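This report refers to the structure that appears directly beneath it.
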Amino acid sequence: QKEVEQNSGPLSVPEGAIASLNCTYSDRGSQSFFWYRQYSGKSPELIMFIYSNGDKEDGRFTAQLNKASQYVSLLIRDSQPSDSATYLCAAHSGGYQKVTFGIGTKLQVIP
Amino acid sequence: ETGVTQTPRHLVMGMTNKKSLKCEQHLGHNAMYWYKQSAKKPLELMFVYSLEERVENNSVPSRFSPECPNSSHLFLHLHTLQPEDSALYLCASSQDGATNEKLFFGSGTQLSVL
Numbered sequence: 008q009k010e011v012e013q014n015s016g017p018l019s020v021p022e023g024a025i026a027s028l029n030c031t032y033s034d035r036g037s038q039s040f041f042w043y044r045q046y047s048g049k050s051p052e053l054i055m056f057i058y059s060n061g062d063k064e065d066g067r068f069t070a071q072l073n074k075a076s077q078y079v080s081l082l083i084r085d086s087q088p089s090d091s092a093t094y095l096c097a098a099h100s101g102g103y104q105k106v107t108f109g110i111g112t113k114l115q116v117i118p
Numbered sequence: 006e007t008g009v010t011q012t013p014r015h016l017v018m019g020m021t022n023k024k025s026l027k028c029e030q031h032l033g034h035n036a037m038y039w040y041k042q043s044a045k046k047p048l049e050l051m052f053v054y055s056l057e058e059r060v061e062n063n064s065v066p067s068r069f070s071p072e073c074p075n076s077s078h079l080f081l082h083l084h085t086l087q088p089e090d091s092a093l094y095l096c097a098s099s100q101d102g103a104t105n106e107k108l109f110f111g112s113g114t115q116l117s118v119l
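Residue numbers (the working numbering), protein chains in the order written: chain X, 8 to 118; chain G, 6 to 119.
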């Protein structure tokens, strides 16, 4: 069974610090990886995606992928209280939108 | 119009009721999805439609019945639900379901079954 593992948290970081969110996946056939942010009571919103090994940066966000270790991470620099949300990691292993989601990590940024 | 709209936002129903959830996407996408989100569980894919044809049905109980009359509209018909069906039901769309597709979610329907 394909799984995506995340620590549910909460992960607490002070404002201005770097938040590091991690995710591992079981299916070596996974080809693309996504990070969704979900505020309490709201729907998930895509914030980052990565397909190749290495780092991908977008503003304060950096996604990292290591396919050999089956590991994906999301770094949030200069964390703000508005970043407090649950972050869902997802892996796509081909076929018709076969996306597997993790349970999400709750991030709390303390002012 | 926002990208993906869902109605109603909240729904309370008894176990013998019949109700429907509605989803509409304004993004010109060809694929639409129903997901279920329960507390402390990963998002669970229920149904996938591509160009109005169902392409995925993840062993969902028959008390959930999807309908996709065109590529912009998706319904989830509910009947004789159980209390354990209480959850957030999310509609999503994507361009066409290719490998690197990104999902766009609606605001969800919070369903409570009494």
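C-beta atoms are modelled at their ideal positions from N, C-alpha and C, and glycine is treated no differently. As the structure is a prediction and not an experimental result, all values here were calculated from the model.
Scanning the stretch 32-68 of chain G for uninterrupted alpha helix (DSSP H) segments of 4 residues or longer gives nothing; none is fully contained. Pro74(G) carries a strand assignment under DSSP once its states are collapsed to helix, strand and coil.
Pro21(X) has a beta carbon lying at 8 Å or more from every beta carbon in chain G. Each residue's CA atom was taken as its position, placing Val79(X) and Ser91(X) some 20 Å apart. Beta-bridge partners of Thr21(G) (DSSP): none assigned. Within chain X, not a single residue places a beta-carbon under 8 Å from that of Ser64(G); the smallest gap is close to 13 Å. Residues Ser86 of the same chain have their beta carbon placed closer than 6 Å to that of Ala24(X), with the five preceding and five following residues left out of the count. Against chain X, a Cβ distance below 9 Å from Phe52(G) picks out nothing, because the smallest value is about 11 Å. A Cβ of chain X is located within less than 8 Å of the beta carbon of Phe110(G). Spatial neighbours of Ala26(X) in its own chain (CB-CB distance under 6 Å, excluding positions within 5 residues in sequence) are listed in chain order as Val20, Ile83, Ser86, Leu114.
Scanning Asn29(X), Ala97(X), Val11(X) for the CA closest to the CA of Pro17(X) turns up Asn29(X). The three-state reading of DSSP puts Ser37(X) in coil, since its state is none of H, G, I, E or B.
Among the CB atoms of chain G, one or more fall inside 8 Å of the CB of Gly109(X). Per the coordinates, the alpha-carbon of Met37(G) lies some 38 Å from the alpha-carbon of Glu22(X). Here the alpha carbons of Thr114(G) and Leu16(G) stand approximately 7 Å from one another. Rounded to whole angstroms, the gap between the alpha carbons of Glu72(G) and His34(G) is 17 Å. Within 9 Å of the CB of Phe68(X), no CB atom of chain G is found; the nearest one sits about 15 Å away.
Assignment of Glu10(X) by DSSP, reduced to helix, strand and coil, places it in the coil class.
Distance from the CA atom of Asp90(G) to the CA atom of Gln45(X), rounded to whole angstroms, is 21 Å. Between Phe40(X) and Ala98(X), the C-beta spacing is below 8 Å. When Lys41(G), Gly19(G), Lys45(G) are compared, the shortest CA-CA separation from Glu12(X) is found for Lys45(G).
Under DSSP, Asn73(X) shares a beta bridge with Tyr78(X). By the criterion of a C-beta distance shorter than 7 Å, Gly61(X) is surrounded in its chain by Leu72, once the five residues flanking it on both sides are discounted.
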